[in-house]
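S.K.: To convert, note that position 13 of the sequence shown is 13 in UniProt numbering; the numbers rise steadily by one, no gaps.
In this text, a Cβ means the ideal position worked out from N, Cα and C, and glycines have one as well.
Since the model is a prediction, treat every value here as computed from it, not as a measurement.
Have a look at this one before I ask anything.
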Amino acid sequence: MSTQKSTKKVTLEGRTRLPQRVQELVIDIGNAMTSIQQTSGSTDLLITSIRNFTSVDGIMANSEQNLVKIQNQMDRIETQTNGAEQNLKNVSSVNNFFDALEQSAYCTNFDDQKN
Numbered sequence: 001m002s003t004q005k006s007t008k009k010v011t012l013e014g015r016t017r018l019p020q021r022v023q024e025l026v027i028d029i030g031n032a033m034t035s036i037q038q039t040s041g042s043t044d045l046l047i048t049s050i051r052n053f054t055s056v057d058g059i060m061a062n063s064e065q066n067l068v069k070i071q072n073q074m075d076r077i078e079t080q081t082n083g084a085e086q087n088l089k090n091v092s093s094v095n096n097f098f099d100a101l102e103q104s105a106y107c108t109n110f111d112d113q114k115n
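And the structure:
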């Protein structure tokens, strides 16, 4: 059982020109695609996507500035922490000095003076 396909030859009206009917079909297909694109909202979606994408530039610049501020704050905190550690070492040295002074004969306790 063989099936026959009906084929029609498209003859050109000139060397480079398509027949009028083929040109009309191409134009109709283009119009249909444009109509589908507009009614489906894909154009609106594309425009919204572009707007959202361009608004990200400002957000990224703002985020970069905030990260620089955070880094500067972290540097200041680190400097203050190092200073506090050094001061704690000094307090420890002073406490050791007073402990040694109390144990020597140069200093007496306040309780000793009451008796």
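1. Rounded to a whole number of angstroms, what is the C-alpha to C-alpha distance between residue 98 and residue 75?
2. Just the C-alpha distance for residue 51 and residue 44, rounded to the nearest angstrom, thanks.
3. Could you pull the start and end residues of the alpha helix (DSSP H) that residue 58 belongs to?
4. Please go through the same chain and pick out, in chain order, the residues whose beta-carbon is closer than 7 Å to the beta-carbon of residue 96, but skip the five residues on each side of it.
M.R.: According to the data block:
1. One-based indexing of the sequence shown puts residue 98 at position 98. One-based indexing of the sequence shown puts residue 75 at position 75. Cα-Cα distance, rounded: 35 Å.
2. Taking the first residue of the sequence shown as position 1, residue 51 is located at position 51. Taking the first residue of the sequence shown as position 1, residue 44 is located at position 44. Taking the CA atoms as reference points, residue 51 sits about 11 Å from residue 44.
3. By one-based count along the sequence shown, residue 58 stands at place 58. Where residue 58 is concerned, the enclosing alpha helix (DSSP H) stretches over 42 to 103.
4. Locating residue 96 in the sequence shown gives position 96, counting from the first residue. For residue 96, same chain residues with a beta-carbon under 7 Å away, outside a window of 5 residues either side, do not exist.
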